[in-house]
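J.:
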Amino acid sequence: MSISFLQFLLGVIFLTVVFLHLTKKNLLATIAYGIQSFAIMLILLNSFLETKIFYLLIIVLLVLIIKVILAPLFFVNFIKKHSLSFSVSTYFNTPLTLIIIAILTFIAYSQKFTPLTNIIPANQPLLSIALSFIFLSLFLIINCKGALSQILGILSLENSIVAFIVFAGLEQSPSLQIGVIFNIFIWIIIATTFMSMLYKHFESQDVTSMKNLKD
Amino acid sequence: MELLFIITTFVISTFIILLIKHRGTIEFFSIFASAIAFFGSIIIALKVSSSGIYSPFAFFSVDSLGAIIMLIIGLIEFATTIYSIQYLRQETAKNIIGFTRVKQYFILLNLFLLAMFLAITSSSPIFAWISIELTTLSTAFLISFYNKPSAMEAAWKYLIINSVGLLLGFFGTLLYFTSVSLWSKGELISWQLLLTNATHLDPLIAKIAFIFILIGYGTKIGLAPMHTWKPDAYSKAPAPIGALLSGTLFPVAFAIMLKFKILTDATVGASFSQHLLIAFGILSIAIASLIIFNAKNYKRLLAYSSIENAGIVALGFGFGGLGVFAAILHMIYHSCVKAILFFSSGNLLLKYNSAKICNIKGALNIISTTSIFFISGFLIITGTPPFGIFLTKMQILSVGIQTHPIITIIAIFFMTIVFIGFLKHITAMFFGESSTDIKVGEGNIWLIFPPAIFLIIIICLSFYIPPFLYTLINDAALHY
Numbered sequence: 001m002s003i004s005f006l007q008f009l010l011g012v013i014f015l016t017v018v019f020l021h022l023t024k025k026n027l028l029a030t031i032a033y034g035i036q037s038f039a040i041m042l043i044l045l046n047s048f049l050e051t052k053i054f055y056l057l058i059i060v061l062l063v064l065i066i067k068v069i070l071a072p073l074f075f076v077n078f079i080k081k082h083s084l085s086f087s088v089s090t091y092f093n094t095p096l097t098l099i100i101i102a103i104l105t106f107i108a109y110s111q112k113f114t115p116l117t118n119i120i121p122a123n124q125p126l127l128s129i130a131l132s133f134i135f136l137s138l139f140l141i142i143n144c145k146g147a148l149s150q151i152l153g154i155l156s157l158e159n160s161i162v163a164f165i166v167f168a169g170l171e172q173s174p175s176l177q178i179g180v181i182f183n184i185f186i187w188i189i190i191a192t193t194f195m196s197m198l199y200k201h202f203e204s205q206d207v208t209s210m211k212n213l214k215d
Numbered sequence: 216m217e218l219l220f221i222i223t224t225f226v227i228s229t230f231i232i233l234l235i236k237h238r239g240t241i242e243f244f245s246i247f248a249s250a251i252a253f254f255g256s257i258i259i260a261l262k263v264s265s266s267g268i269y270s271p272f273a274f275f276s277v278d279s280l281g282a283i284i285m286l287i288i289g290l291i292e293f294a295t296t297i298y299s300i301q302y303l304r305q306e307t308a309k310n311i312i313g314f315t316r317v318k319q320y321f322i323l324l325n326l327f328l329l330a331m332f333l334a335i336t337s338s339s340p341i342f343a344w345i346s347i348e349l350t351t352l353s354t355a356f357l358i359s360f361y362n363k364p365s366a367m368e369a370a371w372k373y374l375i376i377n378s379v380g381l382l383l384g385f386f387g388t389l390l391y392f393t394s395v396s397l398w399s400k401g402e403l404i405s406w407q408l409l410l411t412n413a414t415h416l417d418p419l420i421a422k423i424a425f426i427f428i429l430i431g432y433g434t435k436i437g438l439a440p441m442h443t444w445k446p447d448a449y450s451k452a453p454a455p456i457g458a459l460l461s462g463t464l465f466p467v468a469f470a471i472m473l474k475f476k477i478l479t480d481a482t483v484g485a486s487f488s489q490h491l492l493i494a495f496g497i498l499s500i501a502i503a504s505l506i507i508f509n510a511k512n513y514k515r516l517l518a519y520s521s522i523e524n525a526g527i528v529a530l531g532f533g534f535g536g537l538g539v540f541a542a543i544l545h546m547i548y549h550s551c552v553k554a555i556l557f558f559s560s561g562n563l564l565l566k567y568n569s570a571k572i573c574n575i576k577g578a579l580n581i582i583s584t585t586s587i588f589f590i591s592g593f594l595i596i597t598g599t600p601p602f603g604i605f606l607t608k609m610q611i612l613s614v615g616i617q618t619h620p621i622i623t624i625i626a627i628f629f630m631t632i633v634f635i636g637f638l639k640h641i642t643a644m645f646f647g648e649s650s651t652d653i654k655v656g657e658g659n660i661w662l663i664f665p666p667a668i669f670l671i672i673i674i675c676l677s678f679y680i681p682p683f684l685y686t687l688i689n690d691a692a693l694h695y
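Chains W and Y, in that order, are what the protein sequence lines are. Using my numbering, you'd call the opening residue of the first sequence number 1 and step up by one each time. Using my numbering, you'd call the opening residue of the second sequence number 216 and step up by one each time.
Spelled out as structure tokens, the structure:
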């Protein structure tokens, strides 16, 4: 795949995370996450085709099965089962959210983070997008009041770290490959189990409705 | 060999517990596995003390600090398993939990212990990270153990905060991997390989990576401002699990963070990581002390005390020199005293059915032995002489007063607030008129025995440190 196609994929990923910040519908958020995971899978596939490392193919297949198919399917079923069409609001309003997104993107491109984006100088523009993707995913977790949105934020953060690993040329390390595989498995298990348990108790996915922990 | 034995025993006992339906057998296998782990830890600690790093396979490596932490885990998990059996029996008698919950408890407990042993013994930073993630998995279900809305809320908070923290820790870890040349990326990257290549790491990357590590593992340690999950998780988890979270998970996460500190120090010098540890340390002490004063729940009180002590240990490592020796010793004392305090809090909970401080009055007359343990725990944890924590605090502060006088004075001020705040709650809970509707007397000897053992251990360790332990602490202090 050419560098411009990879840049396009990262652009798609970046837009999906911005969309996750702005969308008010859970179903659309889930679809955006599915597209994001699919783009990550294509980036990993490209890396496999270049390096021919077998473990990378396993990661590609796992991402496809778990992140592109199973997780979005679970979320869609969950949304339909509990009629959760609309997501819970965010702490910041839309204009403020957009301003913070712009600031975070600017920070990722700033001189302060040049050592990180310059790990492979040829990939600097890609690493800068990947870093801004990490920051925006973190902000998504902080900004969202909905349990589903928080989970999508964490899964998005996972995706962003995987993107960074690939463009930093670290995907060839078996240790990191094992780490990524483990993360994909565990988080989906925990997140889906807990989300169901949480809904059972609170009949809401609004985390601000949880007020049982006051002294 | 010993390590493999510990790990295999935990795996086998978990499967057996999963399959059997007899409570006594479940309890037996839990005790058996924890006893094996306890004795195995002692043997490994003795081996490390006499012959240095213990590495039976390439996958495992235990240094002096690892051996100390293994010893702490071994001791506390053994006592916790003994305590848990009786604690859960009492809860079953009160119809709080049933057999399925008991079975679930011991499966998760074994997984939690296994993950901690793997984290501290792994020779690879990624496997250490995976193991720490596994502790999150098992403890999240232990925190939501009672299946109440408040417990679910605490578990959710724990899960979200720790997962984000650990993902940032993972990001920090991968940044250290940039020091390793391309040809060696194909092999399993160990702590040793990273240390050998530390000089090749870009200093700015090393600094950014350590900040991510400190935020990531600092979340698990409970350093402020990443501490917010701790009071909720400690107060909602079963009391014995509180002892493990505070007494063992905190040192394990701290030790892994220290391994990254060595890598960072080798690249950019010690002052960068030391300044960060001091900043997080003093913030933790300050925040904990201010909240302790107004605490309304005695299990949350213990959580805030853990945050304060995490801060003290961070200060010790931040000040460096003799402070490091004192910080390691402080970690040992803290783990033991937290076992006393959490076991005693469990006894109080069983007696009063409430974790609220305002509902406990005149406990010294009702449940006197437990009260004595809790009061002793308070005196030890707040650094009252002649207990060991007094000496470790003094040692850390005496190093600090020479290098960072203002920080040290601020720390002394907040530690005094902790003492006053704690004393206020202790006076309210244990002295004065007791309620007449609560039956006088302790629950069971097996609820008294574990905290008693730890009290004896702390008193002994306050005056005498066994030569093998002294060698380990000394070696770890030199290394870290």
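Idealized CB from N, CA, C, for every residue including glycine.
Identify which residue in Y/Y679, Y/L390, Y/Q407, Y/S405 has its Cα closest to the Cα of Y/P418.
T.: It is Y/L390.
J.: Take every Cβ of the segment 245-256 of chain Y, pair it with every Cβ of the segment 220-228 of chain Y, and state whether three or more of those distances are shorter than 8 Å.
T.: They touch, by the three-pair rule.
J.: Find the nearest neighbour of Y/S583 within the set Y/G658, Y/V552, Y/I624, Y/H490, judged by alpha-carbon distance.
T.: When each option's Cα is compared against that of Y/S583, the closest is Y/G658.
J.: Does the beta carbon of Y/S378 come closer than 8 Å to any beta carbon on chain W?
T.: Closer than 8 Å: yes.
J.: Do we get a CB-CB distance below 8 Å when we pair Y/E348 with the residues of chain W?
T.: Chain W, which has a Cβ nearer than 8 Å to the Cβ of Y/E348, makes this yes.
J.: How about W/P174: is its C-beta nearer than 8 Å to some C-beta of chain Y?
T.: Yes - at least one Cβ of chain Y is within 8 Å of the one on W/P174.
J.: Give me the chain Y residues within the contact set of W/I129, using Cβ-Cβ distance strictly less than 8 Å, ordered along the chain.
T.: Neighbours of W/I129 on chain Y: none; closest Cβ ~16 Å, over 8 Å.
J.: My parser needs the alpha helix (DSSP H) runs of 4 or more residues fully inside the segment 398-433 of chain Y; what are they?
T.: Listed in chain order, the complete alpha helix (DSSP H) runs (minimum 4 residues) inside the segment 398-433 of chain Y are 406-411.
J.: Let's see if you can read the secondary structure: which residues bound the alpha helix (DSSP H) around W/T193?
T.: Taken as a continuous stretch (DSSP letters only), the alpha helix (DSSP H) holding W/T193 covers 174-202.
J.: Going by the DSSP bridge assignment, what does Y/N568 pair with across the sheet?
T.: Bridge partners of Y/N568: none, in fact.
J.: Ordered along the chain, which non-local residues of its own chain (more than five positions away) have a Cβ less than 7 Å from that of W/V166?
T.: Around W/V166: I43, L44, S47.
J.: Taking C-beta pairs closer than 8 Å, name the residues in chain Y that W/Q150 reaches, listed in chain order.
T.: What W/Q150 touches in chain Y: I375.
J.: Is Y/Y513 closer than 8 Å to Y/M644 when the C-beta atoms are compared?
T.: Going by C-beta atoms, Y/M644 is nearer than 8 Å to Y/Y513.
J.: Would DSSP call W/T90 helix, strand or coil?
T.: Strand, per DSSP.
J.: Once you ignore the five residues that flank Y/I502 on each side, which residues in its own chain have a CB closer than 8 Å to its CB?
T.: For Y/I502, where only same-chain residues beyond five positions count, the Cβ hits under 8 Å are A439, P440, H442, I522.
J.: Starting from Y/V483, follow the alpha helix (DSSP H) in both directions and report where the run begins and ends.
T.: Per DSSP, Y/V483 belongs to the alpha helix (DSSP H) from 465-483.
J.: Cβ atoms of Y/F327 and Y/T354: under 8 Å apart, would you say?
T.: Yes, these two residues count as a Cβ contact at 8 Å.
J.: Tell me which residues share the same chain as Y/L556 and place their Cβ nearer than 6 Å to its Cβ, disregarding the 5 neighbours each side in the sequence.
T.: Excluding residues within five positions, the ones whose Cβ falls inside 6 Å are L517, G592.
J.: Taking the alpha helix (DSSP H) that Y/E348 falls in, what are its first and last residues?
T.: Per DSSP, Y/E348 belongs to the alpha helix (DSSP H) from 340-358.
J.: With 16 other CB atoms within 10 Å as the buried threshold, where does Y/A343 fall?
T.: With 16 or more other Cβ atoms within 10 Å, it is buried.
J.: Consider the Cβ of Y/I312: report whether some Cβ of chain W lies at a distance smaller than 8 Å.
T.: Chain W, which has no Cβ nearer than 8 Å to the Cβ of Y/I312, makes this no.
J.: Answer with buried or exposed for Y/N305, where buried requires no fewer than 16 other C-beta atoms within 10 angstroms of its C-beta.
T.: Strictly speaking, residue 305 of chain Y in this sequence is Gln, with Asn absent from that position. With 16 or more Cβ atoms within 10 Å of its Cβ, Y/Q305 is classed as buried.
J.: What does DSSP give as the partner residues of Y/I637 in its beta bridges?
T.: Correcting the residue identity first, residue 637 of chain Y is Phe in this sequence and not Ile. BP columns for Y/F637 are empty, so no partner.
J.: Distance cutoff 8 Å, beta carbons only. Does W/F182 sit that close to anything in chain Y?
T.: At least one chain Y Cβ lies under 8 Å of W/F182.
J.: For the segment 8-28 of chain W against the segment 92-105 of chain W, are there 3 or more C-beta pairs whose distance is under 8 Å?
T.: Result yes; three or more Cβ-Cβ pairs closer than 8 Å.
J.: In terms of DSSP beta bridges, what is W/C144 paired with?
T.: DSSP, once it has assigned bridges, lists W/T90 as partnering W/C144.
J.: By Cβ distance, which residues of its chain are closer than 6 Å to Y/G496, with the 5 residues on each side in sequence left out?
T.: Once the five neighbours on either side are set aside, the close Cβ partners of Y/G496 are G526, A529, L530, G533.
J.: Are the CB atoms of Y/S559 and Y/F602 nearer to each other than 8 Å?
T.: For Y/S559 and Y/F602, no; Cβs fall outside 8 Å.
J.: Please classify W/S68 as buried or exposed, where buried requires at least 16 neighbouring CB atoms within 10 angstroms.
T.: According to the sequence displayed, residue 68 of chain W carries Val and not Ser. So W/V68 counts as buried.
J.: Residues in its own chain within less than 7 Å of Y/I627 by CB, not counting five upstream and five downstream?
T.: The answer, listed in chain order, is L612.
J.: Shortest alpha-carbon distance to Y/G647 belongs to which of Y/V539, Y/I575, Y/I471, Y/G636?
T.: For the residues Y/V539, Y/I575, Y/I471, Y/G636, the minimum Cα distance to Y/G647 belongs to Y/I575.
J.: Contact defined as beta carbons within less than 8 Å: I believe Y/A468 pairs with Y/I436. What is the distance between those atoms, to the nearest angstrom?
T.: Right, their Cβ atoms sit about 5 Å apart.
J.: DSSP state of Y/K553, grouped into three classes?
T.: Of the three classes helix, strand and coil, the one that applies to Y/K553 here is helix, per DSSP.
J.: Run through chain W and tell me which residues come within less than 7 Å of Y/I404, C-beta to C-beta.
T.: Those are S173, S175, listed as they occur along chain W.
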